[in-house]
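Per UniProt numbering, the sequence shown runs over residues 1 to 373.
For each residue, glycine too, the CB sits at the ideal point set by N, CA and C.
Computed from a prediction, not measured in an experiment: that's the story for all the values here.
Inspection log for the structure reproduced underneath, given as structure tokens.
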Amino acid sequence: MTNKPPLIWLNITIFSVSFILATVVAPWYGWQFGYGAEHWIWLVVCFSFCNLSITTGYHRLWSHKAFEAHWLVRLICALGGAFALQNSALHWASDHRVHHKFVDQNDKDPYSAKRGFWFSHIGWMLRSYNAATYDDYSNCRDLQKDGIAMWQHKYYVALAILMNLGVPILLGLIYNDVWGMLLMIGAVRLVLNHHTTFFINSLAHIWGKQPFTDRNTARDNGILAFFTFGEGYHNYHHIFENDYRNGIYWWQYDPTKWIIRLCAWLGLATKLRTAPAIKIEKARAQMSLKYATSKVTQLPNQHAIVETIQREFDAFITELHNYYDVKKQLLESKKNSAAQRYELSVLKARYQQVKAELLEKRNRWHQVVAQYA
Ligand SMILES: [Zn+2]
Ligand SMILES: [Zn+2]
């Protein structure tokens, strides 16, 4: 038998007590005394506040520096993060950066999905697996210069208690039901916050599609995105981790992205980072090529088909480069006031031409992929 690291009784107690309160005591209380609209509304409000603080603050801002935020945004996220009871932003970001750097490497990734659902979901927090490096924050020197992140780290325990007991008790006093609010806003909200976040480490590495990369286990999953405020597009996120978006298409549900955009519009967020569009499209096309060619291996005329697929792929990628080259030239000459009006109009015409050509090649590529994938 291998020696397992010692159990962390504090975490075990928090997870199991909150789970029993949420799944047994809270329903019993509701059956005995009933819950009003205020309980349900505040449950949704507090659940959203906590999860959005984790996704916007802990994850995209502090772990990935996907944008820069006004102190007010950071303060709100620091309070919401303490309310979500997921350790300090500094600690969370440090673990998360290791997860990205060594994803799926069982000995290094703190919540490696290759160690199974239970371990990546919650098991990694039940034993002191990384005792030696627990408070090594050398991969977060930038956060150590962030006054609000450091203030939250220093007073994390006090803030966590204040938010987790203070907010439900305050609501209980306002609505004259302290026990009901402690159960709903304390326990039920906490359990929902915990497990929806944990699903990103477990389910989002098991269940879903891999449209951008198969170099790691991360998956895109719209259902998970719904419960995690956009974090379910985890396959995209693991290849373009500094992008402030996780769901990049307009039809993808990514409220965290919308919140960051809203903050930018209000002047509370700046320097929103996005991955270059050409890299995104190339990554996606390369995966489609891989899926399409692997699907036709059983067909009798597979060599001819693979050749066709490859030819369409090459034509599409060449056009993609043409388009982005001309687009770049056009933008540069628009900036350069010395550019001749004639030159500019020639470039504009060329741009329209390559754009049309790209659309045509892209359509053809999509048809080929749809045919064989
Ligand atoms: Zn991940
Ligand atoms: Zn991440």
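Report yes if the C-beta of residue i is less than 6 Å from at least one heavy atom of ligand 1; otherwise report no.
i	result
residue 218	yes
Is the distance from the Cβ of residue i to the Cβ of residue j below 7 Å?
i	j	result
residue 72	residue 153	no
residue 94	residue 137	yes
residue 246	residue 238	no
residue 346	residue 309	no
residue 351	residue 331	no
residue 217	residue 113	yes
residue 273	residue 244	yes
residue 235	residue 66	no
residue 41	residue 84	no
residue 80	residue 49	yes
residue 342	residue 278	no
residue 319	residue 358	yes
In whole angstroms, give me the CA-to-CA distance for residue i and residue j.
i	j	result
residue 70	residue 268	5 Å
residue 117	residue 354	47 Å
residue 96	residue 45	26 Å
residue 265	residue 74	16 Å
residue 105	residue 99	9 Å
residue 289	residue 194	38 Å
residue 252	residue 233	9 Å
residue 213	residue 126	31 Å
residue 221	residue 270	28 Å
residue 4	residue 92	23 Å
residue 181	residue 172	5 Å
residue 187	residue 21	6 Å
residue 140	residue 146	10 Å
residue 201	residue 111	7 Å
residue 229	residue 189	15 Å
residue 108	residue 134	13 Å
residue 131	residue 14	19 Å
residue 129	residue 6	8 Å
residue 8	residue 197	20 Å
residue 170	residue 12	27 Å
residue 299	residue 10	58 Å
Whose C-beta lies closer than 6 Å to the C-beta of residue i among residues of the same chain, with five residues either side of it excluded?
i	result
residue 184	39, 43
residue 372	292, 295, 296
residue 61	69
Can you find the residues in the same chain that come closer than 7 Å, C-beta to C-beta, to residue i, ignoring five residues on each side of it along the sequence?
i	result
residue 19	191
residue 56	77, 256, 259, 260
residue 283	212, 213, 239
residue 148	71, 74, 75, 78
Taking its Cβ as the centre, do 16 or more other Cβ atoms sit within 10 Å of residue i, making it buried, or is it exposed?
i	result
residue 120	buried
residue 26	buried
residue 82	buried
residue 87	buried
residue 32	exposed
residue 249	exposed
residue 157	exposed
residue 360	exposed
residue 231	buried
residue 160	buried
residue 37	exposed
residue 205	buried
residue 17	exposed
residue 314	exposed
residue 316	buried
residue 312	buried
residue 307	exposed
residue 165	exposed
For residue i, which residues from the same chain have a beta carbon less than 8 Å from its beta carbon, with the 5 sequence-adjacent residues on both sides left out?
i	result
residue 326	347, 350, 351, 354
residue 207	219, 221, 224
residue 142	65
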